[in-house]
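S.K.: Residue numbers for the sequence shown follow the working numbering, so the first one is 2 and each next one is one higher.
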Amino acid sequence: MGKMGSSSIHASGSSSMVSLSGSIIGVLLVLISNQMAVCNGGKTSTFVRKAEKATDMPLDSDVFRVPCGYNAPQQVHITQGDHTGKAVIVSWVTMDEPGSSKVLYWSKNSHHKMKAKGKHHTYKFYNYTSGYIHHCTIRGLEHDTKYYYMVGVGQTARKFWFVTPPEVGPDVPYTFGLIGDLGQSFDSNRTLTHYERNPHKAKTVLYVGDLSYADNYPNHDNVRWDTWGRFVERSTAYQPWIWTAGNHEIDFVPEIGETKPFKPFTNRYHVPYRASDSTAPFWYSIKRASAYIIVLASYSAYGKYTPQYVWLEQELPKVNRTETPWLIVLMHSPWYNSYNYHFMEGETMRVMFEPWFVQYKVDLVFAGHVHAYERSERVSNVAYNIVNGQCTPINDPSAPVYITIGDGGNVEGLANSMTEPQPQYSAYREASFGHAILDIKNRTHAHYSWHRNQDGYAAEADALWFYNRYWHPVDDSTGA
Ligand SMILES: [Fe+2]
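And the structure:
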């Protein structure tokens with residue numbers, strides 16, 4: 002009986018297992034078919050924010066205040082001035098007269114003042130004439146050193162400081178900030194303040210394009226380029242911002258006779274493009290600490306045989322991951338974007354360059370343009386050859402993570418309409434203003450965090466560890 006009972010229990014157990022397996026398979030089939038029908042990707046944040054229109058700060062706002070004193074230098078900003086971080090380009094504007102284009106500088110450890118001589122120029126845009134724009138490159142700096150510098154020498158002088166990066170090397174920790182599409186609204190000011198107060202204390206901003214949004218004003222009123230320069234000076238005078246050109250830098254207005262694209266941007270913002278053998282300031286590269294940063298131009302030709310294509314083809318093999326493990330690309334128009342804004346605008350450049358990004362194992366690609374936040378899985382979409390039908394992004398451990406960080410807070414407002422369902426490749430998306438921090442620890446690990454403006458300064462709304470594609474290419478995606 003006992004045996005029979007046992008057998009009976011066993012038999013009945015087997016039949017339960019069969020029916021259980023059947024139900025599991027059934028549930029799995031339902032799940033799979035749902036997945037196929039809905040194909041939901043990662044997380045769409047349900048964060049609720051106040052729906053209010055972004056408004057530009059008025060001209061008499063304190064952040065636009067002209068510095069005191071006759072012909073005082075204003076709109077002071079710095080960027081890296083060579084390929085490895087031993088030079089800095091210092092730029093500023095004087096309004097009343099040219100004044101001096103010299104920069105006086107000295108290291109924290111020395112009272113010996115050195116002088117570098119720059120140049121100045123002006124430009125006209127329709128009925129606007131710029132102030133005297135000065136650019137001066139300081140070379141031969143020591144690595145990892147605090148320097149003070151003074152502009153407006155011999156007139157109303159203003160003093161600032163910066164810290165040079167450590168010597169380039171594979172395990173050099175370094176912290177970058179990421180800001181895009183900033184503009185000059187009240188929200189822009191919140192974003193910049195949150196960036197400044199972020200306890201991660203980033204040392205350089207990787208800026209993904211669309212600066213002043215002056216082109217939203219009648220005749221692209223270039224006074225709004227001046228106000229933007231004064232607004233961001235509190236950061237740009239003290240740490241380098243690495244510039245990427247966006248569509249709001251094009252300023253192509255043939256109806257008022259302005260036919261030279263990027264005129265205000267190229268006059269005001271110089272970049273060290275020649276140091277990376279580039280022939281135009283819209284695409285170039287720099288090394289900084291353990292990172293190799295490539296800046297690409299969404300609004301310059303990138304088809305086969307074009308200067309940018311040829312440059313990138315020659316540039317990627319030059320990246321030595323033993324020297325700079327982290328390969329980061331900046332561009333304005335994102336390739337992987339699941340918002341209804343600028344949908345597929347980055348597609349033509351993706352078709353041209355994505356196979357190289359996979360081949361050379363780019364770690365991270367940052368873009369702006371879409372006024373929201375999105376982070377992708379590690380995906381590629383490079384198999385399609387026009388007849389094979391293989392045109393779906395697939396998980397790919399050699400592919401970069403694509404991050405859209407165009408949520409600086411400009412006057413055009415948030416991109417809050419998303420494509421539905423969320424595609425598989427999209428890991429996290431949210432329509433909130435904010436900025437991000439990339440905190441590189443060594444050749445294998447980098448901590449990444451995105452910070453929305455509504456949170457406290459230390460809060461991380463989206464955060465994860467990225468593992469280097471060359472040195473530690475294990476799966477670091479969250480939704481796969
Ligand atoms: Fe844009």
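C-beta: ideal position from N, C-alpha, C; glycine also.
All figures in this text were calculated on a predicted structure; none of them were measured in a lab.
(1) When you compare only the Cα positions, how much space is there between V402 and N199?
(2) Exposed or buried, W451, counting other C-beta atoms within 10 Å across all chains shown (16 or more means buried)?
(3) Output the residues surrounding ligand 1, defined as those with a CB atom closer than 5 Å to any ligand heavy atom, in chain order.
(4) Relative to the alpha-carbon of A373, which residue among G414, P398, V272 and M96 has its alpha-carbon at the smallest distance?
(5) Three-state secondary structure (DSSP) at M332?
(6) For W229, count neighbouring Cβ atoms within 10 angstroms of its own Cβ and tell me buried if that reaches 16, exposed if not.
(7) Bridge partners of H446, per DSSP?
(8) Let me know if P59 comes out buried or exposed under the rule of 16 or more other beta-carbons within 10 Å of its beta-carbon.
(9) Quick check on the DSSP output: what are the complete beta strand (DSSP E) runs of length 3 or more inside the region 205-260, in order along the chain?
(10) Out of P68, S277 and Q81, which has the shortest C-alpha to C-alpha gap to V311?
(11) Measure from the alpha carbon of K118 to the alpha carbon of each residue in N110, S108, S101 and Y124, then state which is nearest.
(12) Taking the alpha-carbon positions, what's the G347 to V296 distance?
(13) At the level of alpha carbons, what is the spacing between T85 and T176?
(14) To which residues of the same chain is R322 closer than 6 Å at the C-beta, ignoring the five residues directly before and after it?
(15) Just the C-alpha distance for Q75 and I134, rounded to the nearest angstrom, thanks.
(16) According to DSSP, is S189 part of a helix, a strand, or is it coil?
(17) Determine the contact status of S131 and Y429, defining contact as a CB-CB distance below 8 Å.
(18) Rounded to a whole number of angstroms, what is the C-alpha to C-alpha distance between D477 and F467?
(19) Taking contact to mean 3 or more Cβ pairs, one atom from each stretch, closer than 8 Å, check whether the region 233-246 and the region 158-176 are in contact.
(20) In or out: A464 buried (at least 16 other Cβ within 10 Å) or exposed?
(21) Can you tell which of P326, T280 and Q315 has the C-alpha that lies nearest to the C-alpha of I294?
(22) Touching or not, the region 386-403 and the region 165-175, by the rule of three or more beta carbon pairs under 8 Å?
(23) In the DSSP output, what is V91 paired with across the bridge?
(24) What is the DSSP secondary structure of L297, counted as helix, strand or coil?
(25) Please state whether DSSP places Y274 in a helix, a strand or coil.
(26) Can you list, in chain order, the residues of its chain with a C-beta nearer than 6 Å to that of L105? Leave out the 5 residues immediately preceding and following it.
(27) Kindly list the residues whose CB is nearer than 7 Å to the CB of H473, restricted to its own chain and excluding five residues on each side of it in sequence; keep chain order.
(28) Could you please give me the residues that DSSP links to Y150 through a beta bridge?
(29) Strictly by DSSP, which residues pair up with M419?
(30) What number of angstroms, rounded off, separates the C-alpha of Y357 from the C-alpha of L317?
(31) Mapping the DSSP letters down to three states, classify W312 as helix, strand or coil.
(32) If you run the structure through DSSP and keep just helix, strand and coil, what is V169?
(33) Does the count of Cβ pairs from the region 324-342 and the region 417-433 closer than 8 Å reach three?
(34) May I ask you to report which of helix, strand or coil DSSP gives M96?
M.R.: Reading from the atomic positions:
(1) Roughly 23 Å separates the two Cα atoms.
(2) Counting Cβ neighbours within 10 Å, W451 comes out buried, since at least 16 surround it.
(3) Checking every Cβ against the heavy atoms of ligand 1 under 5 Å gives D211, G247, N248 and H370.
(4) The option with the nearest alpha carbon to A373 is G414.
(5) Residue state for M332 is assigned as coil, using DSSP reduced to three classes.
(6) Result: buried.
(7) DSSP lists Y468 as partners of H446.
(8) The residue in question, P59, is exposed, as its Cβ has fewer than 16 Cβ neighbours within 10 Å.
(9) With a minimum length of 3 residues, the continuous beta strand (DSSP E) runs that stay inside the region 205-260 are 205-208.
(10) Cα-wise, what sits closest to V311 is S277.
(11) Selected option, being the one with the closest Cα: S101.
(12) Rounded to the nearest whole angstrom, the CA to CA distance from G347 to V296 is 15 Å.
(13) If you draw a straight line from the Cα of T85 to the Cα of T176, it is about 16 Å long.
(14) Spatial neighbours of R322 in its own chain (CB-CB distance under 6 Å, excluding positions within 5 residues in sequence) are listed in chain order as Y471.
(15) So the two alpha carbons sit approximately 10 Å from each other.
(16) Under the three-state reduction of DSSP, S189 is assigned to helix.
(17) No, the pair does not count as a contact, with Cβ atoms beyond the cut-off.
(18) If I take the Cα positions, the gap works out to 6 Å.
(19) The region 233-246 makes contact with the region 158-176, as at least three CB pairs between them are under 8 Å.
(20) A464 comes out exposed.
(21) Of the candidates P326, T280 and Q315, the one whose C-alpha sits nearest the C-alpha of I294 is P326.
(22) The region 386-403 is not in contact with the region 165-175.
(23) V91 is bridged by DSSP to I79 and C137.
(24) Three-state result, L297: coil.
(25) Helix at Y274.
(26) Only K114, K116, M151 and V154 meet the Cβ criterion.
(27) Closer than 7 Å at the Cβ level, and outside the excluded window around H473, lie T445.
(28) Per DSSP, Y106 and F161.
(29) Paired residues: Y340.
(30) This sequence places Trp at residue 357; Tyr is not what is there. Cα to Cα, the separation comes out at about 8 Å.
(31) It is helical.
(32) Residue state, collapsed to three classes: coil.
(33) Verdict: yes, contact present.
(34) It is coil, neither helix nor strand.
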